[in-house]
Structures are given as structure tokens and as C-alpha cells.
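So the protein sequences, as listed, match chains D and Y. Taking the numbering used here, the leading residue of the first sequence gets 389, the next gets one more, and so forth. Taking the numbering used here, the leading residue of the second sequence gets 389, the next gets one more, and so forth.
Number of protein chains: 2
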Amino acid sequence: MSESTPGRRRGEELEQAIFKATIEELAEVGYANLRIESVAARARAGKASLYKRWPSRAHLVRAAGRHLAVAADTSYEPTGDVRADLADVMRRIADFQGGSGGEAVRGYVGELTAAPDGEELRDDIERPRVRAITRIFEAGVREGVVRPEALAPRIVNLAPSLVTHYFLTRGEPAPQEVIDEILDLVVMPLITEREHR
Amino acid sequence: MSESTPGRRRGEELEQAIFKATIEELAEVGYANLRIESVAARARAGKASLYKRWPSRAHLVRAAGRHLAVAADTSYEPTGDVRADLADVMRRIADFQGGSGGEAVRGYVGELTAAPDGEELRDDIERPRVRAITRIFEAGVREGVVRPEALAPRIVNLAPSLVTHYFLTRGEPAPQEVIDEILDLVVMPLITEREHR
DNA sequence: TAGATAGTGAACGAGCCGTTCACTAAATGC
DNA sequence: GCATTTAGTGAACGGCTCGTTCACTATCTA
Chain D
389 MSESTPGRRR
399 GEELEQAIFK
409 ATIEELAEVG
419 YANLRIESVA
429 ARARAGKASL
439 YKRWPSRAHL
449 VRAAGRHLAV
459 AADTSYEPTG
469 DVRADLADVM
479 RRIADFQGGS
489 GGEAVRGYVG
499 ELTAAPDGEE
509 LRDDIERPRV
519 RAITRIFEAG
529 VREGVVRPEA
539 LAPRIVNLAP
549 SLVTHYFLTR
559 GEPAPQEVID
569 EILDLVVMPL
579 ITEREHR
Chain Y
389 MSESTPGRRR
399 GEELEQAIFK
409 ATIEELAEVG
419 YANLRIESVA
429 ARARAGKASL
439 YKRWPSRAHL
449 VRAAGRHLAV
459 AADTSYEPTG
469 DVRADLADVM
479 RRIADFQGGS
489 GGEAVRGYVG
499 ELTAAPDGEE
509 LRDDIERPRV
519 RAITRIFEAG
529 VREGVVRPEA
539 LAPRIVNLAP
549 SLVTHYFLTR
559 GEPAPQEVID
569 EILDLVVMPL
579 ITEREHR
């Protein structure tokens with residue numbers, strides 16, 4: 389019961405508090421203005437405790453981003469309406485990008501130079517999306533409305549990639565109209581059978 | 389003839405020298421490690437001259453990026469082979485991203501928060517691509533191998549968007565295999581007629 | 001040729017970085 | 001229940017880069 393007066397936290401408990409503070413700071417000031425000292429102060433922790441765990445701001449933010457991505461990984465149940473299900477997943481991605489997760493990704497991208505590490509963050513973010521969309525596509529294939537070739541990873545990743553590209557190049561998450569247009573002009577025409585004609 | 393010993397440059401001439409220095413620095417140390425003082429020193433200019441023109445590093449890099457994008461805008465003549473022409477344009481985009489242009493874009497993305505300005509840079513970069521691909525598509529439409537619907541901006545931008553997304557999330561420009569896969573699995577199936585079957 | 005304009009270079013205060021250290025609280029071993 | 005080890009705190013630091021200022025000087029213009 390060391391909740392109200394933490395006395396002195398350590399290990400996992402302290403780490404969680406630092407992640408929480410990082411995410412809050414990201415949401416408030418953005419990645420570009422994130423100060424290690426501010427995070428430490430907000431978490432009521434010593435700056436040295438942060439540097440003991442992560443060698444730089446970029447590493448801290450990356451770790452916090454993974455933390456966030458894993459936490460946000462809620463399993464998704466397709467309704468069977470392929471377009472509606474895809475729109476739903478894309479909307480969730482855009483919402484994620486509108487918050488701290490987006491700031492973390494932005495920072496990761498800005499600092500990234502010929503990615504030596506950092507693949508884990510991308511994987512943690514991509515994996516649940518791929519899983520959700522694969523299930524949607526599989527359901528569509530069973531019903532005969534989606535071509536089996538659509539299950540190729542590049543095609544499964546198409547919708548998330550385009551939503552993310554919008555976010556990265558515009559600075560704000562894709563609005564609903566953009567999501568609709570991506571679906572109606574690109575994704576749906578590509579994945580559905582066009583035997584008519 | 390104030391080339392070898394510039395005496396003291398001003399106006400346009402000085403600005404060009406600063407851009408040149410910025411681009412060289414970007415290529416050498418990357419955006420994250422770019423120091424205003426290093427740029428000034430390399431351009432043999434006073435730091436104050438830089439701050440007189442651009443309020444921050446981000447603005448300087450953005451301006452240099454536009455400068456570069458405009459300079460790189462070589463008009464493109466389609467051969468008529470849609471896939472080969474697209475592969476060519478995508479290859480050029482990836483090459484651009486592998487140099488200073490990519491670093492400028494990366495910096496712009498990292499610093500970007502709900503883009504108030506910065507649309508000019510995106511436009512300067514996108515416009516020539518859109519123009520080139522539109523011409524490729526138009527040629528394809530005339531020959532009956534490309535659907536007229538492919539001329540929608542979202543579809544014209546598809547290939548560049550995916551190449552750019554790869555670059556931004558991986559930290560390095562898309563290799564040839566990725567370009568080929570994007571073309572064969574996504575772009576070509578989407579834009580070509582599929583009346584057979 | 002005189003004045004106005006624009007660039008130089010050095011110096012500055014301020015802020016944040018990443019590190020260190022003496023101190024203290026919590027966990028562990030006995 | 002006491003002694004030892006482990007881990008976090010908080011303050012202080014040297015160093016770097018920022019963005020600004022200022023006296024000086026080169027170039028342009030009238």
C-alpha cells in the first residue's frame with residue numbers, strides 16, 4: 389500500500405511511473421520539446437534513475453512508445469463487413485496517432501538514421517494491426533468478397549501505411565474523409581474481386 | 389568575379405552558399421546532429437546572418453529542403469512502359485531520400501506538430517512526382533492498359549507515399565525489391581484493367 | 001564621396017545535457 | 001532484529017549549443 393506516499397519506489401514500479409510521466413509530457417509539449425528533467429520531475433524521480441535505464445531521450449521515448457503500443461493492443465473482433473471493419477481499425481490507428489503514441493512515433497522517426505535498433509517499436513505497433521486486418525481479410529475471403537492474394541503482408545499493411553504516411557507528412561492524424569477515400573479508391577478496389585465486367 | 393575570394397557576399401549569393409553548406413552538413417551529420425554554428429562556419433558566414441533569415445534550425449532545413457527539391461525537379465519523359473516508368477520514378481525518389489533531401493524531410497517530420505506551415509515543402513516535393521506519374525498514367529490510359537480512374541490524386545500519389553513511408557519508418561530508402569513488390573502487389577494490380585475473368 | 005545597408009565575429013546569459021557523488025531508503029541475508 | 005547490499009535521490013558540475021547583442025567593416029546607392 390505504498391500508493392499515496394510512495395516513499396521510494398524502485399524497479400518495475402518506478403519504471404511504470406516514468407513511462408506514465410513520459411507519455412503525459414509527450415502529450416503536453418510534444419517530442420521536440422520533451423526535456424528529460426521535466427519527465428524526472430513529473431515522475432518525482434532522480435534524473436540519474438532515467439539515465440541508468442535509457443542512454444538518451446530517444447531511447448526513453450522509444451521505450452515509452454512500446455509500452456503504450458503494447459497497452460493499446462486490444463484484440464479486435466471483425467463484424468464481417470469488410471469495409472466497415474477496416475474503417476474502424478484505421479480510425480483507431482489515427483486516434484492513436486493523435487495522442488502520445490503519435491508523438492513517440494514522430495520522435496522516433498525524426499531521430500532515426502539507418503535504423504540499427506528500433507525495429508521492436510515498429511513491430512510492437514504493426515503486429516496488432518496486421519493481426520486485426522488479417523482477420524478481417526480472412527473473413528472476407530471466406531465470404532468470397534476478398535481475393536486471397538490480399539493476405540500478402542504488403543497488402544495487409546497498406547491501409548495502416550497510408551494512414552501513417554498521412555500523419556507523418558501532415559503532422560496530424562488522418563481525418564475521416566481521408567480514411568474513406570483511401571478505402572474507396574485504393575484498398576477496397578485492390579482487395580475485392582472484380583469478376584463483373 | 390568574387391568567386392575564389394568572396395570578400396563579403398550578401399543577398400542571394402550568400403543565401404545560396406548557406407543552402408549549400410546546410411545540405412552538405414545534412415549529408416554528413418544528419419538532421420539530428422546539425423549545428424547552426426557548423427553550417428555558418430562551413431558557409432564562412434556569421435551566425436547572425438542565419439538567424440536574420442530563419443528563426444530556427446527547423447526553418448533553415450526546411451528552406452534548404454525546398455531549395456533542393458526545386459533543384460532536383462528534372463522533367464520526366466515516359467517511355468510508354470508503365471511499370472518500367474513507375475519503377476524509374478520510384479527509384480529516383482528513393483535516391484533523393486538517401487541523400488540530404490531525405491535528411492531534410494526527416495527533420496521536417498520530426499519537428500512537425502500539427503503543421504501550421506511547411507506545406508510548401510511538401511508541395512515542392514510532391515508536385516514534380518505527381519506530374520511525372522500523371523504523365524505515365526495518361527500514356528497508359530491512351531494505350532488502354534491503365535484505368536482512367538487511376539488519375540485520381542490519391543492513386544497518383546500512392547507509389548510515392550509507400551516509398552516515403554518505407555523511408556520514414558525504416559530510416560533508409562526503399563531497396564529495389566521493395567519497389568518491385570509495391571509495384572507488383574499494389575500499384576499495378578490497382579491501376580490496370582482486369583476485364584479478363 | 002557620404003550615407004545607408006548588410007554581413008562579420010566575438011562575446012554573452014541561459015538552458016539542457018549527461019555525469020558524478022554523498023546521502024538515504026528499501027530489500028536481503030544472517 | 002540487525003547489518004549489509006542494492007537502488008533511488010537531489011544537488012552540483014563542466015560542457016555544449018542556443019539565440020541575441022554589439023562594435024566594426026565591406027558593399028551598395030544616391
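Glycine included, each C-beta is placed from N, C-alpha and C at the ideal position.
- Under the three-state reduction of DSSP, Val427 of chain D is assigned to helix.
- Residue range Lys435 to Arg441 is occupied by the alpha helix (DSSP H) that includes Leu438 of chain Y.
- Around the beta carbon of Val477 of chain D, 16 or more other beta carbons lie within 10 angstroms, which makes this residue buried.
- Chain-order list of chain D residues neighbouring Leu448 of chain Y: empty, with the shortest C-beta distance near 15 angstroms, by a criterion of under 7 angstroms.
- Taking every protein chain shown into account, the CB of Ala433 of chain Y has 16 or more other CB atoms within 10 angstroms, so this residue is buried.
- Within the segment 446-495 of chain Y, complete alpha helix (DSSP H) segments of at least 4 residues are found at 470-486, given in chain order.
- Under the three-state reduction of DSSP output, Val533 of chain D falls in the coil class, being neither helix nor strand.
- Within the segment 534-561 of chain D, those residues whose Cβ lies closer than 7 angstroms to any Cβ of chain Y are, in chain order, Ala540, Arg542, Ile543, Leu546, Ser549, Leu550, Thr552, His553, Leu556, Thr557, Arg558, Gly559 and Glu560.
- Of the candidates D:Ala436, D:Gly487 and D:Ala451, D:Ala451 places its Cα closest to the Cα of Arg510 of chain D.
- Arg494 of chain D and Ala431 of chain Y have their C-alpha atoms roughly 30 angstroms apart.
- In terms of Cα proximity to Ala540 of chain Y, the closest of Y:Arg471, Y:Arg480, Y:Ile521 and Y:Ser463 is Y:Ile521.
- Interface annotation, Val477 of chain Y: not in contact with chain D, CB-CB separation never under 8 angstroms.
- Between Val551 of chain Y and Phe525 of chain Y the beta-carbon gap is near 17 angstroms, outside 8 angstroms, which marks them as no contact.
- For chain Y, the residues of the segment 403-426 of chain D that bring a beta carbon within less than 8 angstroms of one of its beta carbons are Gly418, Tyr419 and Ala420, in chain order.
- By the criterion of a C-beta distance shorter than 8 angstroms, Lys408 of chain Y is surrounded in its chain by Ala431, once the five residues flanking it on both sides are discounted.
- With the criterion set as a beta carbon lying under 8 angstroms from some beta carbon of chain D, the members of the segment 569-580 of chain Y are Glu569, Ile570, Leu573, Val574, Pro577 and Leu578, in sequence order.
- Here Gln564 of chain Y is exposed: its Cβ has fewer than 16 other Cβ atoms, across all protein chains shown, within 10 Å.
- Around Tyr554 of chain Y, the same chain offers Ala562 and Val566 as residues with beta carbons nearer than 7 angstroms, after the five sequence neighbours per side are excluded.
- Three or more beta-carbon pairs separated by less than 8 angstroms are not found between the segment 479-489 of chain D and the segment 570-581 of chain D, which leaves the two stretches without contact.
- Gly453 of chain Y has a beta carbon lying at 8 angstroms or more from every beta carbon in chain D.
- In the DSSP assignment, Ala405 of chain D falls within the unbroken alpha helix (DSSP H) covering Gly399 to Val417.
- Counting only residues of its own chain and dropping the five nearest sequence neighbours on each side, Leu546 of chain Y has a CB closer than 8 angstroms to the CB of Val574, Val575 and Leu578.
- The criterion of a C-beta distance shorter than 8 angstroms is satisfied by Arg397 of chain Y and Ala405 of chain Y.
- For Arg517 of chain Y, not one C-beta of chain D is nearer than 8 angstroms to its own C-beta.
- Look at the segment 534-560 of chain D and you find these whole runs of alpha helix (DSSP H), each 4 residues long or longer: 541-544 and 546-558.
- DSSP lists Y:Val534 as the beta-bridge partner residues of Thr580 of chain Y.
- Of the residues Y:Glu491, Y:Gly468 and Y:Pro466, the one whose Cα lies closest to the Cα of Gly418 of chain Y is Y:Glu491.
- Between the beta-carbon of Ala415 of chain Y and that of Ser463 of chain Y there is about 25 angstroms, and that puts the pair past the 8 angstroms contact cut.
- Contact with chain D is found for Glu499 of chain Y, since one of that chain's Cβ atoms lies less than 8 angstroms from the residue's Cβ.
- From the beta-carbon of Gly489 of chain Y, no residue of chain D is found nearer than 7 angstroms; the closest lies around 14 angstroms away.
- Residues of chain D with a Cβ closer than 9 angstroms to the Cβ of Arg510 of chain Y are, in chain order, Thr557 and Arg558.
- When DSSP states are grouped into helix, strand and coil, Gly528 of chain Y belongs to the helix group.
- In terms of Cβ geometry, Leu438 of chain D and Leu422 of chain D do not form a close pair [threshold 8 angstroms].
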